[in-house]
Amino acid sequence: MSSCISGLCAGLLALVAVDGRSQPLPPSLPPHDFSYSVYVDMARAHVEQQGERDLLQRLIARDPQGLLIRFPPGSEARVSVHLKSGVLRYAADDRDEVHLPDKREWRRDNPRIVLSVRPVELALDF
60 MSSCISGLCA GLLALVAVDG RSQPLPPSLP PHDFSYSVYV DMARAHVEQQ GERDLLQRLI
120 ARDPQGLLIR FPPGSEARVS VHLKSGVLRY AADDRDEVHL PDKREWRRDN PRIVLSVRPV
180 ELALDF
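In the working numbering, each residue carries its 1-based index in the sequence shown increased by 59.
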């Protein structure tokens, strides 16, 4: 977690429940700018929590496919992922969500993620 910006990972990891659901972000967290390692740490915590479940639950559990970012309704939010090769931009869909994929390159490079609007929720995307 040392690669997290201003200790953000510790706060975001608390949002991941065993079943993959998340809770609203506390107002004290300023997640307008964080690193992709937030997702990596959330996914790792999910896998560790799955290890505590019984065998049947582990067999049917799905692996996270990426990071889900939910924004306030009607916010027209944008997300910029700052990669070494350039900036990728995403726009929120009609449900005010952005789905960032789980990519090996992103895990390796740990790009900075910049949000135009404060999200109401960060969760693992299944």
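All C-beta atoms, glycine included, are put in the ideal place defined by N, C-alpha and C.
- [ ] Mind checking who ILE128 pairs with in its DSSP beta bridge?
- [x] Taking the sequence shown and counting its residues from 1, one reaches residue 128 at position 69. Its beta-bridge partners are VAL157 and LEU181.
Open item on the list: So, with DSSP's three-state summary, where would you put SER139?
Closed with: Here residue 139 refers to the residue found at position 80 of the sequence shown. Of the three classes helix, strand and coil, the one that applies to SER139 here is strand, per DSSP.
TODO: Give the DSSP-derived three-state secondary structure of ARG121 in the structure shown.
DONE: Taking the first residue of the sequence shown as position 1, residue 121 is located at position 62. ARG121: coil per DSSP, three-state reduction.
Open item on the list: Are the CB atoms of PRO123 and LEU183 within a distance shorter than 8 Å?
Closed with: Here the question's residue 183 lines up with position 124 in the sequence shown. Here the question's residue 123 lines up with position 64 in the sequence shown. Their beta carbons are under 8 Å apart, which means LEU183 touches PRO123 by this criterion.
- [ ] Using the Cα positions of TYR98 and ARG154, report the straight-line distance between them to the nearest angstrom.
- [x] Residue numbering aside, residue 98 sits at position 39 when the sequence shown is read from its first letter. Residue numbering aside, residue 154 sits at position 95 when the sequence shown is read from its first letter. So the two alpha carbons sit approximately 21 Å from each other.
- [ ] With DSSP as the reference, label VAL176 as helix, strand or coil.
- [x] Residue 176 sits at position 117 when you count from the first residue of the sequence shown. Three-state result, VAL176: coil.
Open item on the list: What does DSSP give as the partner residue(s) for LEU147 in the beta ladder?
Closed with: The count along the sequence shown starts at 1 and reaches residue 147 at position 88. Per DSSP, VAL140.
Open item on the list: Could you give the first and the last residue of the continuous beta strand (DSSP E) run that contains ASP100?
Closed with: As a working note, residue 100 is residue 41 in the sequence shown. First-last for ASP100: 96-109, but that is the alpha helix (DSSP H), not the beta strand (DSSP E).
Task: Alpha-carbon spacing of GLU180 relative to GLU111, whole angstroms - done: The sequence position of residue 180 within the sequence shown is 121, counting from 1. The sequence position of residue 111 within the sequence shown is 52, counting from 1. For GLU180 and GLU111, the distance between alpha carbons rounds to 25 Å.
TODO: Would you mind giving the Cβ-Cβ distance between VAL176 and PRO131, rounded to the nearest angstrom? I have them listed as a contact below 8 Å.
DONE: Position 117 of the sequence shown, counting from 1, holds the residue named residue 176. Position 72 of the sequence shown, counting from 1, holds the residue named residue 131. About 7 Å separates the two Cβ atoms, so the contact holds.
TODO: Could you tell me which residues DSSP puts in a beta bridge with ASP92?
DONE: On the sequence shown, residue 92 is found 33 positions in, with the first residue counted as 1. The partner list for ASP92 (beta bridge, DSSP) reads VAL173.
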